[in-house]
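For the sequence shown, my numbering gives the first residue as 30, with consecutive numbering after it. Each residue gets a CB set at the ideal place from its N, CA and C atoms; glycine is no exception. Please read the structure below before turning to the comments.
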Amino acid sequence: MPRAHITLDRQAVIAPVRRRTFGSFVEHLGRCVYTGIHEPGHPSANADGFRMDVVELVRELGSTTIRYPGGNFVSGFRWEDSIGPREKRPVRRDLAWHSLESNQVGLDEFARWLKLTDAELMLAVNVATRGILPALDLLEYANHPSGTALSDLRVANGTPEPHDVRMWCLGNEMDGPWQTGFMTAEDYGKAAARTAAAMKMADKDLELVVCGSSGSGMPTFGDWERTVLEHSYEHVDYISCHAYYQVHDGDLGSFLASAVDMDYFIDTVVATADHVGYKKRSSKKIDVSFDEWNVWYLKEHQESQEANSEAVNAEWRHAPRQLEDVYTVADAVVVGNLLMTLLKRSDRVASASLAQLVNVIAPIMTEPGGPAWRQTTFYPFSITSRLAAGEVIRPLIEAPMYTTARHGEASVIDAVATVDEDRVAVFLVNRDLTQAVQVAVDVRGLGSARVVEAVTLADADVYAKNTLAEPQRVVPKANSSVTLADGVLSIELPPVSWTAIALR
Ligand code: AHR
Numbered sequence: 030m031p032r033a034h035i036t037l038d039r040q041a042v043i044a045p046v047r048r049r050t051f052g053s054f055v056e057h058l059g060r061c062v063y064t065g066i067h068e069p070g071h072p073s074a075n076a077d078g079f080r081m082d083v084v085e086l087v088r089e090l091g092s093t094t095i096r097y098p099g100g101n102f103v104s105g106f107r108w109e110d111s112i113g114p115r116e117k118r119p120v121r122r123d124l125a126w127h128s129l130e131s132n133q134v135g136l137d138e139f140a141r142w143l144k145l146t147d148a149e150l151m152l153a154v155n156v157a158t159r160g161i162l163p164a165l166d167l168l169e170y171a172n173h174p175s176g177t178a179l180s181d182l183r184v185a186n187g188t189p190e191p192h193d194v195r196m197w198c199l200g201n202e203m204d205g206p207w208q209t210g211f212m213t214a215e216d217y218g219k220a221a222a223r224t225a226a227a228m229k230m231a232d233k234d235l236e237l238v239v240c241g242s243s244g245s246g247m248p249t250f251g252d253w254e255r256t257v258l259e260h261s262y263e264h265v266d267y268i269s270c271h272a273y274y275q276v277h278d279g280d281l282g283s284f285l286a287s288a289v290d291m292d293y294f295i296d297t298v299v300a301t302a303d304h305v306g307y308k309k310r311s312s313k314k315i316d317v318s319f320d321e322w323n324v325w326y327l328k329e330h331q332e333s334q335e336a337n338s339e340a341v342n343a344e345w346r347h348a349p350r351q352l353e354d355v356y357t358v359a360d361a362v363v364v365g366n367l368l369m370t371l372l373k374r375s376d377r378v379a380s381a382s383l384a385q386l387v388n389v390i391a392p393i394m395t396e397p398g399g400p401a402w403r404q405t406t407f408y409p410f411s412i413t414s415r416l417a418a419g420e421v422i423r424p425l426i427e428a429p430m431y432t433t434a435r436h437g438e439a440s441v442i443d444a445v446a447t448v449d450e451d452r453v454a455v456f457l458v459n460r461d462l463t464q465a466v467q468v469a470v471d472v473r474g475l476g477s478a479r480v481v482e483a484v485t486l487a488d489a490d491v492y493a494k495n496t497l498a499e500p501q502r503v504v505p506k507a508n509s510s511v512t513l514a515d516g517v518l519s520i521e522l523p524p525v526s527w528t529a530i531a532l533r
């Protein structure tokens with residue numbers, strides 16, 4: 030059996046664990062909101078119509094920050110449509126997803142839902158097709174205590190306390206030709222700077238996210254970040270990164286190394302942001318808001334969309350089934366590994382959002398009138414969110430390497446650890462397609478410890494999934510191979526697996 034050796038040293042601190050790393054994303058898209066989190070007729074629904082079975086799962090998932098209401102949706106959204114008496118709210122066409130938006134869930138309801146889940150709200154404003162004044166109006170409605178037209182309107186609508194939203198996205202994926210009102214980097218950089226400056230006139234402590242590229246594969250990637258930041262650097266706090274991964278042409282080896290690409294992506298964006306900062310002689314650093322990341326079978330989605338384009342164009346449906354990817358064990362291993370990378374980059378990644386939360390490329394699935402269940406990808410996210418605490422430690426990894434077609438050389442084993450006063454968490458992946466790997470983790474540098482939990486997600490069938498018919502087909506299991514002797518933790522990692530170990 031191949032072997033790997035990892036050394037953990039308490040001194041090798043990268044940064045504190047940032048709780049916002051465990052963020053998520055709710056977009057008015059498909060069934061994420063309607064029949065996902067909101068289904069008034071459902072047996073578990075509360076007075077607002079929110080499914081409490083889903084709330085329970087979101088709490089278990091451990092989402093800390095939720096980006097809302099889009100996504101591409103936000104670029105056609107008039108926020109005023111979604112407040113006040115529900116019977117008066119207009120139905121609109123959502124061009125981004127070619128569907129109907131009933132506006133039955135809006136800011137005030139969503140904020141109430143967030144309270145049930147204990148997560149923080151991160152709001153996006155429509156920079157693409159609206160402007161500065163609607164953004165300021167939304168800010169006034171959301172955050173101003175009372176005594177102004179829009180704050181009093183919120184109070185009259187039943188929300189006396191301000192929502193006090195700290196993080197705001199200045200639009201979404203503004204470089205993408207699919208975006209309603211997409212812009213050039215020059216135009217967007219100027220629009221974002223003006224919007225940000227005005228929003229900070231209202232509240233200088235807001236944390237503003239300017240749009241980076243919608244992916245590192247965009248032809249303008251790099252130049253986009255540079256140009257946008259040259260215009261907006263002084264006014265914004267974070268730049269966004271978005272990345273979706275999938276298996277291409279059956280190449281599982283490359284797919285399992287997706288985290289290598291994510292790491293390189295973060296490096297590039299940080300270097301570009303710092304380059305602009307140095308040029309401006311600024312002492313300020315722009316950190317990353319990785320506000321969309323996941324596995325998404327986008328290629329298949331685009332192909333089926335093209336094949337169905339006539340039928341799709343003829344119909345405007347409310348909450349259609351869209352982007353309902355069903356995730357495999359291999360997908361969960363990649364999601365777990367991407368989250369490990371975000372943790373490892375806590376020095377510059379301030380916040381992240383798994384896209385999305387329910388039904389739409391999501392860790393949680395629901396059936397209308399029926400159950401809610403956990404996808405395979407739910408587990409690495411929820412366990413990492415629960416165990417990661419204190420400071421992120423850079424592990425020294427000695428492991429076999431392998432060559433991938435898409436991401437060059439990759440280590441068969443990847444790892445990260447977090448250390449708090451009285452607990453340590455170690456997260457590991459084995460990317461080998463066929464072989465288990467025996468891993469020794471030297472924890473002598475962390476003081477005395479005992480293992481309190483060791484779980485592994487793996488399956489003889491790496492394509493096994495959880496479905497409505499078999500919702501518990503894939504669950505993490507205790508890894509009984511774990512031992513701790515003389516400060517060395519030993520564990521066998523099955524092929525294509527994700528593992529978490531908690532020590533006290
Ligand atoms: O998460 C799905 C979509 O992916 C979002 O709406 C958009 O921002 C991205 O292209």
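(message) Quick check on DSSP: helix, strand or coil for residue 266?
(response) Residue 266: coil per DSSP, three-state reduction.
(message) Within a Cβ cutoff of 8 Å, which residues of the same chain sit near residue 469, ignoring the five residues on either side of it in sequence?
(response) Excluding residues within five positions, the ones whose Cβ falls inside 8 Å are 32, 33, 34, 35, 517, 518, 519.
(request) Would you kindly work out how many angstroms separate the C-alpha atoms of residue 218 and residue 429, rounded to a whole number? (result) Rounded to the nearest angstrom, the two C-alpha atoms are 44 Å apart.
(message) Just to check my reading of the structure: residue 383 and residue 410 have Cβ atoms closer than 8 Å, yes? What is that Cβ distance to the nearest angstrom?
(response) Indeed they touch by this definition, with Cβ atoms about 6 Å apart.
(request) Would you mind stating whether residue 245 and residue 202 have Cβ atoms separated by less than 7 Å? (result) Pairing residue 245 with residue 202 gives a Cβ-Cβ distance that is not under 7 Å.
(request) Look up residue 314 in the DSSP assignment and give the residues it is bridged to. (result) As computed with DSSP, residue 314 is found in no beta bridge at all.
(request) Using only the heavy atoms of ligand 1, determine whether one of them is closer than 6 Å to the beta carbon of residue 366. (result) Short note on residue 366: C-beta not closer than 6 Å to any heavy atom of ligand 1.
(request) Tell me where the alpha helix (DSSP H) around residue 287 begins and ends. (result) Its alpha helix (DSSP H) spans residues 287 to 308.
(request) Along the alpha helix (DSSP H) that carries residue 423, what are the first and last residues, could you check? (result) Residue 423 -> no alpha helix (DSSP H), and no H or E assigned at all.
(request) Inspect the CB distances between the stretch 491 to 506 and the stretch 424 to 440 and report whether three or more fall short of 8 Å. (result) Between the stretch 491 to 506 and the stretch 424 to 440 there are fewer than three C-beta pairs closer than 8 Å, too few to call the two in contact.
(message) Given 6 Å as the limit, tell me if residue 384 has its C-beta closer than that to any heavy atom belonging to ligand 1.
(response) At a threshold of 6 Å, residue 384 counts as near ligand 1, since its beta carbon sits closer than that to one of the ligand's heavy atoms.
(request) Flag this pair as yes or no: are the beta carbons of residue 372 and residue 324 separated by less than 7 Å? (result) No, Cβ-Cβ distance for residue 372 and residue 324 is not below 7 Å.
(message) Please report the distance separating the alpha-carbon of residue 37 from that of residue 475.
(response) The straight-line gap from Cα to Cα measures roughly 7 Å.
(message) Rounding to the nearest angstrom, what Cα-Cα distance links residue 181 and residue 169 in this structure?
(response) Straight-line Cα distance between these residues: approximately 10 Å.
(message) One question on the structure: do residue 419 and residue 447 come within less than 7 Å of each other, judged by their Cβ atoms?
(response) Yes, the Cβ-Cβ distance between residue 419 and residue 447 is below 7 Å.
(request) Could you tell me which residues DSSP puts in a beta bridge with residue 471? (result) As a beta-bridge residue in DSSP terms, residue 471 pairs with 36, 517.
(message) Just checking residue 101 against ligand 1 - is the residue's beta carbon closer than 6 Å to any of the ligand's heavy atoms?
(response) At least one heavy atom of ligand 1 is nearer than 6 Å to the Cβ of residue 101, so yes.
(message) Measuring only from the beta carbon, is residue 116 closer than 6 Å to any heavy atom that is part of ligand 1?
(response) Checking the Cβ of residue 116 against ligand 1 gives no.
(message) Only counting the same chain, and skipping five residues up and downstream in sequence, which positions put a Cβ closer than 6 Å to that of residue 103?
(response) 153, 155, 201.
(message) Here's the rule I'm using: 16 or more other beta-carbon atoms within 10 Å means buried, otherwise exposed. How should residue 204 be labelled?
(response) Classification of residue 204: buried, given that the 10 Å Cβ count is 16 or more.
(message) Measuring straight from C-alpha to C-alpha, what distance separates residue 165 and residue 527?
(response) The alpha-carbon atoms of residue 165 and residue 527 are separated by roughly 44 Å.
(request) Measure the CB-CB distance between residue 302 and residue 258 and report whether it falls below 7 Å. (result) Yes, they are a contact pair.
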